[in-house]
Structure formats: structure tokens, C-alpha cells
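*Asks:* Right, I'll just put the structure down here and ask away after.
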Amino acid sequence: MAAVTFLVTASFGSAAALGGISDAGEVGSPAERVITTGEGLLFPIDPSPMCEVFDNFGGHSKARGSGGHQGLDIGATEGQEVYAVADGVLEIQHTDLDSAPGLGWRLWVDDPVDGGPVQYRYYHLASFADGLEVGSLVTKGQVIGYVGDTGNATPGGHHLHFEVRPGEKQRYGSPEPVDPVPLLDIPTTCNLY
Ligand SMILES: [Zn+2]
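For the sequence shown, position 153 (counting from the first letter as 1) is numbered 389 according to the working numbering, and the numbering increases by one without interruption.
In C-alpha cells, the structure reads:
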């Protein structure tokens with residue numbers, strides 16, 4: 237499929253009506269969409285019925301302040317399915333509702349088709365998919381949880397915070413995050429801001 241480039245026409249006002257994405261403070265106007273190639277990283281949620289992609293990597297973060305946002309936020313409705321973007325292992329489960337992530341996962345992918353190991357992070361889930369625990373092997377497209385507003389998300393501002401951290405596992409800490417937007421196959425039904 238050929239790449240499609242167009243301008244998203246929805247106004248930011250409609251996104252603001254979501255009830256507030258916690259980290260979208262730097263985002264003010266629709267961005268030019270360049271990614272609808274049908275290739276790239278699997279989009280991490282079911283985009284229906286709502287998909288509002290905030291191109292806010294490096295923007296303001298509640299937890300880290302200006303420039304500290306380490307992923308992107310995808311506005312959705314509560315309960316939309318969240319997917320493993322590749323085959324991997326669920327290595328860390330966040331379960332502390334008072335933490336910034338709330339309910340969340342870290343998914344390690346050791347041998348993706350292109351590139352080396354990558355850690356993916358999913359925050360603010362409403363709940364986890366049944367039967368999954370730390371150490372579970374998951375496959376690309378498998379439901380691992382559901383969109384919510386846990387952690388430091390604005391109550392009612394249901395969204396997925398998604399991070400991509402390519403690099404080898406480290407004894408301490410994690411590889412540095414990169415902007416997920418250029419990597420993702422963003423469905424054309426999503427609005428991109
Ligand atoms: Zn976020």
C-alpha cells in the first residue's frame with residue numbers, strides 16, 4: 237500500500253473534550269500524518285471506537301516536567317483492547333494504583349524481525365487480560381489489557397501511555413526511549429495531534 241499523507245482536520249478542541257490527557261500539555265495543533273503504510277509496528281490498541289494519537293514524545297510530563305514525556309499517549313474509551321505489539325515476555329507488571337503507571341506492563345521483545353531487543357511500556361490500564369502474569373509469553377496482537385485511567389492519568393481521561401525502548405537489557409535501568417510515532421502503523425481512523 238502506498239504511503240498516504242494528509243492533514244488531520246479535527247480540531248484540538250475535540251481532544252480537549254476527552255477529559256484531559258495527563259501529559260499532552262505541549263500539544264496544541266494537529267500534526268501532519270505521514271504513516272499509513274500498512275507497515276511498521278502494530279498499533280498497540282484497538283482503535284475503535286476512539287483513537288486520538290497525541291504526538292507528544294518529549295513533551296510535558298506530569299511526573300518529569302517539561303520535555304520529560306517518554307512515550308506517546310493514545311486517547312480512547314475505557315476498556316478498548318491493548319495489544320502486545322510483538323512476540324515477547326511480560327517482564328514487569330505495575331500494580332500500584334498510586335504509581336505514575338497505575339496498572340501497566342513492560343514487554344520485552346528479544347528477537348523482533350528487524351532490529352535488536354526492545355522494551356515496550358504500557359501505562360494507565362483499567363485492567364489486565366485474564367491469565368497473564370509476570371513471565372507470560374505473549375504473541376503479536378494478543379490482548380494484554382484494557383485502556384483505563386489508572387496511575388497519574390487524569391480521572392476520566394482514558395488513554396494508553398506507550399513507550400518504545402530499543403537496546404540491550406541493562407543490569408540497572410532501561411534503554412532510552414525513542415519516539416514511537418514514526419515506528420507505528422497508525423490506523424487511518426485515528427486522529428493524530
Ligand atoms: Zn503519557
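All C-beta atoms in this analysis are idealised placements derived from N, C-alpha and C, irrespective of residue type, glycine included.
Bear in mind the structure is a predicted one, so any value in this text is a computation, not a measurement.
Taking Cβ to Cβ, would you say G307 is nearer than 8 Å to P416?
*Replies:* For the purposes of this step, residue 307 is taken as residue 71 along the sequence shown, with counting starting at 1. For the purposes of this step, residue 416 is taken as residue 180 along the sequence shown, with counting starting at 1. Taking 8 Å as the Cβ cut-off, G307 and P416 qualify as a contacting pair.
*Asks:* Who are the Cβ neighbours of V379 in its own chain at under 6 Å, not counting the five residues just before and after it?
*Replies:* Residue 379 sits at position 143 when you count from the first residue of the sequence shown. If we look at V379 and ignore the five residues flanking it on each side, its Cβ neighbours are E317, A365.
*Asks:* Helix, strand or coil, according to DSSP, for L333 in the structure here?
*Replies:* Residue 333 sits at position 97 when you count from the first residue of the sequence shown. Here L333 sits in coil by DSSP.
*Asks:* How about D309: is its Cβ closer than 7 Å to a heavy atom in ligand 1?
*Replies:* Looking up residue 309 in the sequence shown gives position 73. Because some heavy atom of ligand 1 lies under 7 Å away, the Cβ of D309 counts as near it: yes.
*Asks:* Determine contact between the region 366-375 and the region 324-331, defined as no fewer than three beta-carbon pairs at a distance below 8 Å.
*Replies:* yes
*Asks:* Does ligand 1 have even one heavy atom less than 7 Å from the beta-carbon of H305?
*Replies:* Within the sequence shown, the letter at position 69 stands for residue 305. Because some heavy atom of ligand 1 lies under 7 Å away, the Cβ of H305 counts as near it: yes.
*Asks:* Does DSSP put P418 in a helix, in a strand, or in coil?
*Replies:* Against the sequence shown, residue 418 aligns to sequence position 182. Residue state, collapsed to three classes: helix.
*Asks:* Taking the alpha-carbon of G299 as reference, which of C426, F293, N388 has the nearest alpha-carbon?
*Replies:* Within the sequence shown, the letter at position 63 stands for residue 299. Before going on, a small fix: residue 299 reads as Ala here, not Gly. Among C426, F293, N388, the Cα nearest to that of A299 belongs to N388.
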